[in-house]
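2 protein chains.
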Amino acid sequence: MNPKFGNSPKFMPEKLKLHLIVDSIKECGNEINLIHLNPDKEISEGLAYVQEGIAKIYGINEKGLKINTDLVFQGEIFLVQNGNYQSRDNFYLEGLKYSKIFFLPLDHLSSIQKEFLPEIQMKFYNERLKRIHQQKVRNYDLELHERVFYLLFDFCLIFGKASDAYYSMPNFFTHDELSNILRNCRQNITACLNELKRDGIIQYNRKEIKIEKTIFEEKKVKYLSGLKKTKK
Amino acid sequence: MNPKFGNSPKFMPEKLKLHLIVDSIKECGNEINLIHLNPDKEISEGLAYVQEGIAKIYGINEKGLKINTDLVFQGEIFLVQNGNYQSRDNFYLEGLKYSKIFFLPLDHLSSIQKEFLPEIQMKFYNERLKRIHQQKVRNYDLELHERVFYLLFDFCLIFGKASDAYYSMPNFFTHDELSNILRNCRQNITACLNELKRDGIIQYNRKEIKIEKTIFEEKKVKYLSGLKKTKK
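For the protein sequence lines, the chains are A and B, in the order given. Just so we're aligned: 65 in this note's numbering is position 84 of the first sequence, and the numbers increase by one with no gaps anywhere. Just so we're aligned: 54 in this note's numbering is position 73 of the second sequence, and the numbers increase by one with no gaps anywhere.
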């Protein structure tokens, strides 16, 4: 605990609060790859921290179909708690390829950490809702190959590292995963990826995704400029 | 402020915290029906409280299409803040028919209220994410008439009042709204509603929605029993 703030987290900066929680998770937490979010028995409540990569949240419906519902990004914390999902469908949190997740039971947190946990959590929940909403609106009437491109583009905004000609990131996804996220069949996704590769927009293999630098930066300006030109 | 808890909200029960915030909104807030969530200018940060009915959150994309992204239910609070949406698409919060929304600027809250706001908010954000996820999984491979039924059923779980033969609730929706929520055309939605009416499952007019009591209770047991029978 930083002595400057004593026992009151009231005036502690948010960054420090997050830091204190993440430190505890890294020190005392266990690496885990799959968490059942609504088991029949009592759940072990705690924090799942995505240290590297991406975790997906998915449900398995009555017929055994897996449906992706959400993604938790690197650096984000998900609160595993009773009542997370009240459904007879089973929900899970699972790390994607090249991803690392740590889990810390809630009772390892100090009372002060517990006190500022909601403030830290709010930020991450807000981010997740924002992503779901913004993608839904932006993707509403796009062609599939555009939706594939913008999905990879969104990830590259967060995970992409710039080199001379490309932004590159680890390929966390299988074609199956992409087809599930975009709710389309694997064959169509593969065709779109091939089209994007053929046009020189992306490079894509099992290990890595690269987006051509000028295209990436042009889209970035277009989509994140805050210039809204909605037609009435 | 309840004198029992003095100036520290630490041991105050969550219900009391919510009560204290809602009271301030009702006393000092203004009724409002539409809030632009990402205007070009600085936003007036504050709490939107759905006192009656339902508020929808929607975006308007480049081509002027309205796309519903979320619903905020009666009794829930939405935090309007800068950075809620970082997109060139415009996002709005708007009350549906028969609904009442109050807005209170953040600077009307006391420092103690601000301190426990994240805890209160977390609950509502969690509920919204849960609804989005659970509906996505449950509806994934249902026929449209089933999806229409379950949408009305979900609302009836919250807003429905039991009478001898029916659960009834105000009809907050136009056919346009339902078609937007279910991402299908109005003609198909109307056909499904007619089918459900013809089969005696629901009654539906502009003012009211009724679901036949035995059907409602049977579905309620089936969907909320916590009995999960996922096929492997």
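From the three backbone atoms N, C-alpha and C, an ideal C-beta is built for every residue, glycine too.
- The DSSP-derived three-state label of A172 of chain B is helix.
- In the DSSP assignment, H0 of chain A falls within the unbroken alpha helix (DSSP H) covering E(-5) to C9.
- Secondary structure at Q67 of chain B: coil, using DSSP grouped into helix, strand and coil.
- Beta-bridge partners of I82 of chain A (DSSP): A:V31.
- Nearest CB-CB separation between M103 of chain A and chain B: below the 9 Å threshold.
- Within the region 178 to 195 of chain B, no residue places its CB atom closer than 8 Å to a CB of chain A.
- DSSP, read as helix, strand or coil, puts E43 of chain B in coil.
- Counting only residues of its own chain and dropping the five nearest sequence neighbours on each side, V31 of chain B has a CB closer than 6 Å to the CB of V53, Q55, E57 and I82.
- Separation of L123 of chain B and F105 of chain B (C-alpha to C-alpha, rounded to the nearest whole angstrom) is 27 Å.
- For D51 of chain A, the secondary structure class from DSSP, reduced to helix, strand or coil, is strand.
- Nearest in C-alpha terms to K188 of chain A, of all of A:F154, A:Y147 and A:F136, is A:F154.
- A residue is called buried once 16 or more other Cβ atoms fall within 10 Å of its Cβ, and G64 of chain A, having fewer, is exposed.
- Taking 9 Å as the cut-off, the beta carbon of Y79 of chain B is found no closer than this to the beta carbon of I38 of chain B.
- Residue-level contact by beta carbon holds for P99 of chain A and chain B, with a gap shorter than 9 Å.
- The beta carbon of L77 of chain B lies closer than 8 Å to those of G34, I35, A36, K37, F153, F154 and E158 in the same chain, with the five residues before and after it left out.
- Between S149 of chain A and I196 of chain A, the C-beta gap is not smaller than 9 Å, which leaves the two residues out of contact.
- Identification of residues in the region 110 to 138 of chain A having a C-beta nearer than 8 Å to some C-beta of chain B yields L110, K111, I113, H114, Q115, K117, V118, R119, Y121 and D122, given in sequence order.
- Closer than 9 Å to the CB of N65 of chain B there is at least one CB belonging to chain A.
- Runs of the beta strand (DSSP E) spanning 3 or more residues and lying entirely within the region 111 to 176 of chain A occur at 147 to 151, in chain order.
- Contact annotation for L46 of chain B against chain A: Y121 and D122 [CB-CB distance below 8 Å, chain order].
- For I93 of chain B and I93 of chain A, the gap between their C-alpha atoms comes out near 16 Å.
- Under the three-state reduction of DSSP output, L98 of chain A falls in the helix class.
- Contact between the region 164 to 182 of chain B and the region 117 to 137 of chain B is present, with at least three C-beta pairs closer than 8 Å.
- Q184 of chain A: member of the beta strand (DSSP E) spanning I183 to Y185, first to last residue.
- In terms of Cβ geometry, K111 of chain A and Q67 of chain B form a close pair [threshold 9 Å].
- Contact check for V61 of chain A and E26 of chain A: beta-carbon distance about 6 Å, within the 8 Å limit, so the pair qualifies.
- For E193 of chain A, the uninterrupted beta strand (DSSP E) run begins and ends at E189 to E193, by DSSP.
- Between G40 of chain A and H89 of chain A, the C-beta spacing is not below 9 Å.
- For a cut-off of 8 Å, the C-beta gap from K178 of chain A to A143 of chain A is around 20 Å, too long to register as a contact.
- Against Y106 of chain B, the close residues of chain A are M103, Y106, N107 and L110, in the order they occur along the chain (beta-carbon pairs closer than 8 Å).
- Going by DSSP, F59 of chain B is part of the beta strand (DSSP E) stretching over I58 to V61.
- Close partners of N42 of chain B in chain A (Cβ separation under 8 Å): V118, R119, Y121, D122 and T211.
- Here G45 of chain A is exposed, its C-beta having fewer than 16 other C-beta atoms within 10 Å.
- Secondary structure at F(-8) of chain B: helix, using DSSP grouped into helix, strand and coil.
- Collapsing the DSSP output to three states places E75 of chain B in a strand.
- Going by DSSP, I24 of chain A is part of no beta strand (DSSP E) at all; its letter is neither H nor E.
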